[in-house]
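What follows is a single structure, written as structure tokens, with notes after it.
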Amino acid sequence: MGMSISPALIITIIAVAIALVLLLVAFGSRLPERMRRIVELLVSVGYPAVVGLLFAGLGLERYQSGETTPAIGFGVGAVLMVLLTVRAIRRQSRA
Numbered sequence: 645m646g647m648s649i650s651p652a653l654i655i656t657i658i659a660v661a662i663a664l665v666l667l668l669v670a671f672g673s674r675l676p677e678r679m680r681r682i683v684e685l686l687v688s689v690g691y692p693a694v695v696g697l698l699f700a701g702l703g704l705e706r707y708q709s710g711e712t713t714p715a716i717g718f719g720v721g722a723v724l725m726v727l728l729t730v731r732a733i734r735r736q737s738r739a
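Plus 644 on top of the position in the sequence shown (first one is 1) and you've got our numbering.
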């Protein structure tokens with residue numbers, strides 16, 4: 645089997661996303677417009693896209709090791725994150 649996805653990686657990504665949201669809340673009005681839009685894009689589109697890919701990878705790993713229940717759970721999580729990503733992309737294109 646290939647490289648295993650570490651839960652610590654997902655926790656790190658979540659922590660970075662929380663830090664970016666706090667940055668927007670605390671300093672959003674003071675950030676340059678371009679930087680604010682980039683941070684908003686990272687949080688709204690980038691975060692669910694990356695987490696969705698990681699969930700898909702974790703689901704595949706679990707499926708290959710014969711753990712069907714966790715594989716289904718990670719698969720559902722991946723689908724939800726993809727849906728959130730699509731919704732965010734649509735909102736960004738309308739804005």
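Just so it is clear, CB atoms sit at the ideal spot from N, CA and C, and this is done for glycine as well.
Quantities reported herein were computed from a predicted structural model and do not represent experimental measurements.
Q.
For residue 732, count the other beta carbons within 10 Å of its own beta carbon; 16 or more makes it buried, fewer makes it exposed. Which is it?
A. buried
Q. For the putative contact between residue 692 and residue 664, defined by C-beta atoms under 8 Å, what is the C-beta separation to the nearest angstrom?
A. Contact doesn't hold; Cβ gap of about 13 Å is too wide.
Q. Are the Cβ atoms of residue 685 and residue 736 separated by less than 8 Å?
A. yes
Q.
My parser needs the alpha helix (DSSP H) runs of 4 or more residues fully inside the stretch 649-679; what are they?
A. 651-671
Q) Among 695, 675, 678 and 720, which one has its Cα closest to the Cα of residue 659? A) 695
Q: Just the C-alpha distance for residue 671 and residue 680, rounded to the nearest angstrom, thanks.
A: 9 Å
Q | Own chain residues within Cβ distance below 8 Å of residue 657, not counting five before or after | A | 691, 694, 695 and 698
Q | Nonlocal neighbours in the same chain, by C-beta distance under 8 Å from residue 716, ignoring five residues either side | A | 703
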